[in-house]
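K.L.:
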Amino acid sequence: MRAAPPPPPFLSALCLALAAAAGAAGSCRDKKDCKVVFSQEELRKRLTPLQYHVTQEKGTESAFEGEYTHHKAQGIYKCVVCGTPLFKSETKFDSNSGWPSFYDVISPDVVTFNDDFSYGMHRIEISCSQCGAHLGHIFDDGPRPTGKRYCTNSASLSFKPADKNNAGEGSGNASPAQTGKAEL
Numbered sequence: 066m067r068a069a070p071p072p073p074p075f076l077s078a079l080c081l082a083l084a085a086a087a088g089a090a091g092s093c094r095d096k097k098d099c100k101v102v103f104s105q106e107e108l109r110k111r112l113t114p115l116q117y118h119v120t121q122e123k124g125t126e127s128a129f130e131g132e133y134t135h136h137k138a139q140g141i142y143k144c145v146v147c148g149t150p151l152f153k154s155e156t157k158f159d160s161n162s163g164w165p166s167f168y169d170v171i172s173p174d175v176v177t178f179n180d181d182f183s184y185g186m187h188r189i190e191i192s193c194s195q196c197g198a199h200l201g202h203i204f205d206d207g208p209r210p211t212g213k214r215y216c217t218n219s220a221s222l223s224f225k226p227a228d229k230n231n232a233g234e235g236s237g238n239a240s241p242a243q244t245g246k247a248e249l
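Here the sequence shown stands for residues 66 to 249, numbered as in the working numbering.
1) Within its chain, find whatever has a CB closer than 6 Å to the CB of Asp29; leave out the 5 residues flanking it on each side and keep chain order.
2) Going straight from the alpha carbon of Asn161 to that of Ser223, what length do you get?
3) Would you report the Cα separation of Leu112 and Glu132, rounded to the nearest angstrom?
4) So what does DSSP say about Gly163, is it helix, strand or coil?
5) For Glu106 and Asp159, what's the separation of their Cα atoms in angstroms?
6) Can you find a CB in chain C that lies within less than 8 Å of the CB of Asp98?
7) Mark Gly140 as exposed unless 16 or more other C-beta atoms lie within 10 angstroms of its C-beta, in which case mark it buried.
8) Report the three-state DSSP secondary structure of Val146 (helix, strand or coil).
9) Run the CB neighbour count on Phe129, radius 10 Å, all protein chains shown included, and call it buried at 16 or more, exposed below.
10) Are the Cβ atoms of Leu115 and Ala220 separated by less than 8 Å?
11) Alpha carbon to alpha carbon, how far is Pro226 from Tyr142?
12) For the 8 Å Cβ check, are there 3 or more pairs between the region 172-180 and the region 118-126?
13) Considering just the uninterrupted stretch of the beta strand (DSSP E) at Pro226, what are its terminal residues?
14) Grouping DSSP H, G and I as helix and E and B as strand, with all else coil, what is Asp205?
15) Using a 10 Å radius around the Cβ and a threshold of 16 neighbouring Cβ atoms, would you call Lys229 buried or exposed?
16) Leaving out five residues before and five after Lys213 in sequence, what residues of the same chain have Cβ atoms less than 8 Å from its Cβ?
17) Within 10 Å of its beta-carbon, does Ala13 have 16 or more other beta-carbons around it, so buried, or fewer, so exposed?
18) Put His199 into one of helix, strand or coil per three-state DSSP.
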């Protein structure tokens, strides 16, 4: 049996470039410019295994199984790692994708965008701009007014219900107590 010939040099170079881009397409934690930094030891203690896998290892939860996929309460969705407010419930919509989807962020500076070439395709990763946690991906198939779909893992989010006295401001209690893990 003959061994397969080595790939052409350009193919090897292309694969290395794509792999480097995928690795470099990380968040601020890769670039050492995060505003909020946590040790991996602290995060492993504070987050559930799924939250850690999604936010720190760029994992994905199973479709239609996330805590916030069908969540309808009014309030604010925050980064589960650092507590940064990311999305208002008013921007959440049912995309039938299996993951919580939002058509806009609270402020343009709360997320960073990075090229993601994993799984043989090109997508745009969204990460928390404060701590670098992987949140999900953004697509151009959302509703008006933005046309964007921020497809987000429930495991990367915590939720702060709207205060009954100040609906829409999101100043109530958080729900991660169900998971037994603390939230910022």
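We put the beta carbon where it would ideally sit given N, CA and C, even for glycine.
P.N.:
Per the coordinate set shown:
1) Because the chain spans 66 through 249 in this model, residue 29 falls outside it and cannot be assessed.
2) If I take the Cα positions, the gap works out to 21 Å.
3) Spanning the two alpha carbons is a distance of roughly 15 Å.
4) coil
5) 35 Å
6) In summary, chain C is missing from the structure at hand, where a single protein chain is found.
7) When all chains shown are included, Gly140 counts as buried.
8) If DSSP states are grouped into helix, strand and coil, Val146 belongs with coil.
9) exposed
10) A Cβ-Cβ contact shorter than 8 Å links Leu115 with Ala220.
11) 9 Å
12) no
13) 222-226
14) coil
15) Exposed.
16) Tyr168, Asp169, Ile203, Phe204, Asp205, Gly207
17) This structure cannot settle anything about residue 13, because the visible part of the chain is limited to 66 through 249.
18) strand
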